[in-house]
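I have placed the structure first, in the form of structure tokens, so that the comments after it can refer back to it.
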Amino acid sequence: MDRYERIIAIHRTLQAARLPVPVNRLQEALGCSRATVYRDIAFLRDALMAPVIGDGDAGFSYDRSDTERFELPGLWLNSEELHALLAAQQLLARSSGGILSDALAPLQERAEKLLDAQSGGKRWPLERVRVIPHRIRKMDEHSFRIVASAVLQRLRLSFDYRARSTNDTTRRTVSPQRLTHYRDNWYLDAWDEDREALRSFSIDRIHAAKPLDGVAKDVADEDLNTHLAGSYGIFSGTPKGWATIRFSPKAARWVADEHWHSRQQGRFLQDGSYELKLPYSVPRELLMDVLHYGADAEIIEPKSLREQLRTLLQLAISNYEDA
18 MDRYERIIAI
28 HRTLQAARLP
38 VPVNRLQEAL
48 GCSRATVYRD
58 IAFLRDALMA
68 PVIGDGDAGF
78 SYDRSDTERF
88 ELPGLWLNSE
98 ELHALLAAQQ
108 LLARSSGGIL
118 SDALAPLQER
128 AEKLLDAQSG
138 GKRWPLERVR
148 VIPHRIRKMD
158 EHSFRIVASA
168 VLQRLRLSFD
178 YRARSTNDTT
188 RRTVSPQRLT
198 HYRDNWYLDA
208 WDEDREALRS
218 FSIDRIHAAK
228 PLDGVAKDVA
238 DEDLNTHLAG
248 SYGIFSGTPK
258 GWATIRFSPK
268 AARWVADEHW
278 HSRQQGRFLQ
288 DGSYELKLPY
298 SVPRELLMDV
308 LHYGADAEII
318 EPKSLREQLR
328 TLLQLAISNY
338 EDA
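In our numbering, the protein residues as written are 18 to 340.
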């Protein structure tokens, strides 16, 4: 154990004990020397103002009259928990394209100070936490902050939105519901007031965002999940059908461990292939993911989805045909 872990362990032991705890028992529990136990007890009593009473011969305990009023101050994490916290901070900062780096800087600084206190100033090589963003889209930090604030403060919001499919720009007025991080990119799930329906907006396509007066309309979690998570992909909507996809024995062991959708159904077939069934509404994203597996994936049902994939493959092949 490091010192912080020992202090926490001593505190919890004394807090729970009905009788004074002998030093040898603390030694066994902490796996340290007798001198270390005395130093930690002194730190707990003198520096942290814990109500420690007793001595090495009679054992140590907490003064019951002060026990309920005392608690360890500040953020107390052991070294492993701090390492995990710093790794998570690196993941979030780097996977957001730097958007959250400034906001997370105080957290990282606090965690690094706690680690320094434990390690005597040893440098922690954060560059060894490697995060590789995949197809991340450039996002305006100002727009992200306004959208995030509107979601958390439950404020109505207006913005210009340039649709990816048509490149047309429209002015939207919405009641924000959720921020969604999906495949290294951020989305706003919101109630569109003009269309009177739930919509998902890619935040990198949002410009001139402005909070409005009035409280945002709240949509029940059940309705949000039904509409926004009912089908495959980010722009899911109400399911229009179920797709059945068969993966070759070569790809089966990988796909069987993958999470495609909360309602997916999968099974191994006798020949070692894997059959995956999942609901879908807008097929575009599903088709792209099936194409990712190339010859190791085949859409079995429905026939319409199978034909769409056949058409995409034929168009792709045409790009490689000699003129």
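Even for Gly, the Cβ is constructed at its ideal location relative to N, Cα and C.
Rounded C-alpha distance that separates residue i from residue j
i	j	result
Trp259	Arg145	42 Å
Thr197	Leu205	6 Å
Ala312	Asn242	33 Å
Leu89	Lys227	43 Å
Glu158	Ser279	31 Å
Ser321	Ile149	36 Å
Glu98	Ala34	26 Å
Leu224	Ser160	Going by the sequence as given, residue 224 is His instead of Leu. One C-alpha to the other measures close to 6 Å.
Glu126	Tyr337	53 Å
Ala297	Ile163	One detail in the question is off: residue 297 reads as Tyr in this sequence, not Ala. Roughly 32 Å separates the two Cα atoms.
His100	Asp288	45 Å
Thr53	Leu65	17 Å
Glu292	Gly283	6 Å
Ile58	Val236	53 Å
Asp209	Trp277	27 Å
Ala207	Gln107	28 Å
Asn202	Arg154	7 Å
Leu330	Asp339	16 Å
Thr187	Glu239	29 Å
Asp63	Ala105	34 Å
Met18	Thr183	59 Å
Pro39	Arg81	17 Å
Glu275	Arg147	22 Å
Ala333	Arg181	21 Å
Ser50	Asp83	28 Å
Val272	Arg301	20 Å
Tyr55	Met156	55 Å
Arg20	Phe285	51 Å
Gly48	Ala314	55 Å
Integer Cβ distance of residue i from residue j, believed to fall under 8 Å
i	j	result
Gly250	Val299	6 Å
Gly231	Arg173	5 Å
Ser290	Arg263	6 Å
Ile24	Phe60	7 Å
Lys294	Thr261	5 Å
Candidates the options: closest to residue i by CA position
i	options	result
Glu22	Ala46, Phe87, Ala268	Ala46
Arg212	Ser192, Gly231, Ile220	Ser192
Leu303	Gly283, Gln282, Arg284, Gln325	Gln325
Asn41	Asp72, Arg35, Leu65	Asp72
Gly247	Gln281, Lys234, Phe176, Val236	Gln281
Arg189	Phe176, Glu275, Asp201, Tyr199	Phe176
Ser217	Thr187, Gln287, Gly254	Gly254
Lys257	Glu318, Arg195, Arg20	Glu318
Val69	Val164, Thr53, Phe87	Phe87
Met305	Asp80, Arg323, Ala167	Arg323
Ile316	Asp274, Phe285, Ala273, Ser265	Ser265
Arg29	Phe77, Asp235, Asp63, Glu292	Phe77
Leu103	Asp83, Pro142, Ser82, Leu229	Pro142
Ser166	Ser182, Val272, Leu229, Ser335	Leu229
Under 8 Å between C-beta atoms of residue i and residue j
i	j	result
Arg179	Arg222	yes
Ala268	Tyr310	yes
Ala67	Pro37	no
Tyr79	Gln44	no
Arg171	Ala233	yes
Leu215	Leu245	yes
Discussion item. Please give the ranges of any beta strand (DSSP E) in the stretch 236–267, keeping only runs that are unbroken, at least 3 residues long and fully inside the region.
Written reply: 258–264
Discussion item. Extract the residue ranges of the beta strand (DSSP E) inside the stretch 289–313, only unbroken runs of 3 or more that lie entirely within it.
Written reply: 291–297
Practice prompt. Within the stretch 23–103, note down every full beta strand (DSSP E) run reaching 3 residues or more, in order along the chain.
Written response: 69–72, 76–79
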